[in-house]
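Visitor: At position 9 of the sequence shown (counting the first as 1) the number is 9 in UniProt numbering, and the numbers step up by one without a gap.
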Amino acid sequence: MKKCLILYDSYHHGNTEKIARAMAEQANAKICTIDKVPTVRTEEYEIIGFGAGIAYGRPYDKMLKAAARFSLQGKAVFVFSTSGMGKAKYNSALIELLKNAGASVVGSFACKGYDTYGPIKMVGGIAKGHPDEEDVAAAKQFIQRIVVS
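(1) With DSSP run on the structure shown, which of helix, strand or coil describes V105?
(2) Can you list, in chain order, the residues of its chain with a C-beta nearer than 8 Å to that of G125? Leave out the 5 residues immediately preceding and following it.
(3) Can you give me the Cβ contacts of G129 inside the same chain, cut-off strictly under 8 Å, excluding the 5 residues immediately before and after it?
(4) Hey, how far is the Cα of E43 from the Cα of V123?
(5) Report the rounded CA-to-CA distance for Q141 versus Y11, giving the unit in angstroms.
(6) For the region 48 to 58 against the region 72 to 83, are there 3 or more C-beta pairs whose distance is under 8 Å?
(7) Hey, which unbroken runs of the alpha helix (DSSP H) at 4 residues or more fall wholly within the UniProt domain "Flavodoxin-like" (5 to 113)?
(8) N15 to I31, Cα distance in whole Å?
(9) With a cut-off of 8 Å on the beta carbons, I'd call L97 and A66 a contact; round off their distance for me.
(10) For V147 and E25, I'd like the C-alpha separation in whole angstroms.
(11) Just tell me which of S71, L94 and A127 has its CA closest to the CA of K62.
(12) Sorted by chain position, which residues of the same chain lie with C-beta nearer than 8 Å to S108's C-beta, five sequence neighbours on each side aside?
(13) In whole angstroms, give me the CA-to-CA distance for R41 and I54.
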């Protein structure tokens, strides 16, 4: 199993944190919020995961800015996110940023997460109850494939 670090940014409902913790447990990975990045030595890890919630179809700006600070030339990375719609295409901006930094993107995961951001709040939110057990199981299967291969 590859030595794995999972960096994430999660607020509002803790959806992304729930997925990050499930992945870390499955992969026996170190987990760290993006706020703690200055204290992390990324060169010690064979693979790094970057996870964030989605706002307006893009990963949180805080994650994009933090990820841009890393030296990732030749480093294996993966991306994951939670959003009201759970669409993998929302990971594109972060994937492109990591590729442009020289990283090798080995996977991308997305699932639904309870969303009350912006005008969605007026209707009570969407994807209530997510991430659910099926989402967590899918995240664990994803990380297992990534760290074992």
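Glycine included, every Cβ here is placed at the ideal spot set by N, Cα and C.
Bear in mind the structure is a predicted one, so any value in this text is a computation, not a measurement.
Guide: If we stick to the structure as given:
(1) For the purposes of this step, residue 105 is identified with residue 105 of the sequence shown, where counting begins at 1. Strand.
(2) Your numbering for residue 125 matches position 125 in the sequence shown. So the qualifying residues of the chain are G84, Y114, D115 and T116.
(3) Your numbering for residue 129 matches position 129 in the sequence shown. Once the five neighbours on either side are set aside, the close Cβ partners of G129 are Y114.
(4) By 1-based counting over the sequence shown, the position of residue 43 is 43. By 1-based counting over the sequence shown, the position of residue 123 is 123. Taking the straight line joining both Cα atoms gives about 45 Å.
(5) Residue 141 sits at position 141 when you count from the first residue of the sequence shown. Residue 11 sits at position 11 when you count from the first residue of the sequence shown. Their Cα atoms are separated by approximately 24 Å.
(6) yes
(7) 15 to 27, 61 to 67 and 92 to 100
(8) The sequence position of residue 15 within the sequence shown is 15, counting from 1. The sequence position of residue 31 within the sequence shown is 31, counting from 1. Straight-line Cα distance between these residues: approximately 15 Å.
(9) If you number the sequence shown from 1, residue 97 lands on position 97. If you number the sequence shown from 1, residue 66 lands on position 66. About 10 Å; that fails the 8 Å criterion.
(10) Sequence index remark: in the sequence shown, residue 147 carries index 147 (1-based). Sequence index remark: in the sequence shown, residue 25 carries index 25 (1-based). Spanning the two alpha carbons is a distance of roughly 12 Å.
(11) Translated into positions along the sequence shown, residue 62 becomes position 62. Answer by Cα proximity: L94.
(12) For the purposes of this step, residue 108 is taken as the residue at position 108 of the sequence shown. So the qualifying residues of the chain are F78, V79, F80, A88, N91 and I95.
(13) To locate residue 41, count along the sequence shown from 1; it is residue 41. To locate residue 54, count along the sequence shown from 1; it is residue 54. When rounded, the distance between both Cα atoms is 26 Å.
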